[in-house]
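Participant:
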Amino acid sequence: MLKSQAKYHLGQVVRHRKHPFRGVVFDVDAMFSNTEDWYDAIPEDSRPSKDQPFYHLLAENDQSYYVAYVSEQNLLPDETGEPVDHPDLPDLFGDFEDGHYPLQFQLN
Numbered sequence: 850m851l852k853s854q855a856k857y858h859l860g861q862v863v864r865h866r867k868h869p870f871r872g873v874v875f876d877v878d879a880m881f882s883n884t885e886d887w888y889d890a891i892p893e894d895s896r897p898s899k900d901q902p903f904y905h906l907l908a909e910n911d912q913s914y915y916v917a918y919v920s921e922q923n924l925l926p927d928e929t930g931e932p933v934d935h936p937d938l939p940d941l942f943g944d945f946e947d948g949h950y951p952l953q954f955q956l957n
């Protein structure tokens, strides 16, 4: 049985190790759970191992806001102390405080 523990938590601000974007964790998969087409689109020499946590991020860069799916090995904690401006943040989280976003959403 695979046993995996996520390094990052919901509401935490992280940044990509190689690419210039940062985001807020809103979901975690214990191991890869995206499509094979998505995985195969990553250049072979850059493909992360599938047997690690993968994070769903409300991400932003200098040009846009989007949802990113990133392996744990490609993330670092964001140490800027700055909030993320993604427009979907208020749907899931409360106000930025002490470097993270508290989980806060309505269940229907």
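Everything in the sequence shown is counted per our numbering, starting at 850 for the first residue and increasing by one.
Note that beta-carbon positions come from the ideal geometry of N, C-alpha and C, so glycine has one too.
Can you tell me whether S920 is buried or exposed, with buried defined as 16 or more other CB within 10 angstroms of its CB?
Facilitator: With 16 or more Cβ atoms within 10 Å of its Cβ, S920 is classed as buried.
Participant: Go through its chain and collect everything with a Cβ distance to P975's Cβ below 7 Å, but skip five positions before and after it.
Facilitator: This structure cannot speak to residue 975, because the chain is shown only from 850 to 957.
Participant: According to DSSP, is Q922 helix, strand or coil?
Facilitator: Note: Q922 maps to helix in three-state DSSP.
Participant: Would you mind giving the Cβ-Cβ distance between R871 and A908, rounded to the nearest angstrom? I have them listed as a contact below 8 Å.
Facilitator: Rounded, the Cβ-Cβ distance is 7 Å, consistent with contact.
Participant: Determine the direct distance from the alpha carbon of H949 to that of P932, and round the result to whole angstroms.
Facilitator: Spanning the two alpha carbons is a distance of roughly 8 Å.
Participant: How would you label M850, buried or exposed, when you count the other beta carbons within 10 angstroms and need 16 or more for buried?
Facilitator: For M850, the pLDDT reaches just 46, beneath the cut-off of 50, and the residue's location in the model is therefore unreliable, although a value from the coordinates is still provided. Counting Cβ neighbours within 10 Å, M850 comes out exposed, since fewer than 16 surround it.
Participant: Let me know the beta strand (DSSP E) ranges lying completely inside the region 874-921, each 3 residues or longer, listed in chain order.
Facilitator: Listed in chain order, the complete beta strand (DSSP E) runs (minimum 3 residues) inside the region 874-921 are 903-909, 914-920.
Participant: Cα separation between L924 and D934?
Facilitator: Whole-angstrom Cα-Cα distance: 19 Å.
Participant: In this structure, how does DSSP classify L952 when only helix, strand and coil are distinguished?
Facilitator: Three-state DSSP puts L952 in a strand.
Participant: Which residue marks the beginning of the beta strand (DSSP E) containing H865, and which one marks its end?
Facilitator: It spans 862-865 - the beta strand (DSSP E) in which H865 sits, taken as one unbroken run.
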